[in-house]
Structure formats: structure tokens, C-alpha cells
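Take any residue in the sequence shown, count from 1 to its spot, add 11: that is its number in our numbering.
All C-beta atoms in this analysis are idealised placements derived from N, C-alpha and C, irrespective of residue type, glycine included.
Small disclaimer: the values here were computed from a predicted structure and weren't measured.
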Amino acid sequence: MVRRSLRVRSLRKIYVKTSRGVNIHFKERPAQLPKCSSCKTILKGIKKFKSREYKNVSKSEKKVNRPYGGNLCSKCMRLKIKNLVRGQK
Ligand SMILES: [Zn+2]
């Protein structure tokens, strides 16, 4: 059995074939790409980070310089602002 710190579901198990059988390697899962909160498309201009890495990176790497940057894509942002001006939801 592997050590306790590796027995977590947050690590990906990779089965490696060796001459003696199969070994299990534990690797960190890749970070998810940031997505638009309304249409779920991938946001451009923003790098992907693990949640714990966000505190160490600069603001410009986490968001785009416009209203709702880093949260909505430009299309959804335009729609939202238009609807706000019209007084709709
Ligand atoms: Zn969108």
C-alpha cells in the first residue's frame, strides 16, 4: 500500500506496465480552463491555474481588463450591459 498522503481521490492514478507487473503512479490532475459563467465557453486571455495558485499570480493573469472580465465572455458581457440599460433582467 502506498503512503497515506497519496491515497486521495484528488490525485490521478496512472497504471505503468513494468517487467514485474503493474505499478501505480500518482499524478496531479490538470487544472480546468476558465469558462464563461453564462454560456460556458472557454475564456480567452486567462491562464489556467489550480485554485491554490490563484493567490500567488497577478491580477492581470486572472482577468481581462473590462467589466465582468474573468467571469463573462465579451458577448455575454455586452448582452448583460445592454439588458441592464434597458431595465431588463
Ligand atoms: Zn459567455
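(1) Mind the definition here: the segment 20-38 touches the segment 52-60 only if three or more C-beta pairs lie below 8 Å; say whether that holds.
(2) How would you write the range of the beta strand (DSSP E) that residue 23 sits in, first residue to last?
(3) For residue 50, count neighbouring Cβ atoms within 10 angstroms of its own Cβ and tell me buried if that reaches 16, exposed if not.
(4) CB residue 62 to CB residue 40, shorter than 8 Å?
(5) With residue 90 and residue 47 assumed to form a contact (beta carbons below 8 Å), what rounded beta-carbon distance in angstroms separates them?
(6) Could you spell out the range, first to last residue, of the beta strand (DSSP E) harbouring residue 38?
(7) Would DSSP call residue 92 helix, strand or coil?
(8) Among 52, 96 and 98, whose alpha-carbon lies nearest the alpha-carbon of residue 86?
Taking the coordinates as given:
(1) no
(2) 22-29
(3) exposed
(4) no
(5) Incorrect: roughly 11 Å between the Cβ atoms, too far for contact.
(6) 32-39
(7) helix
(8) 52
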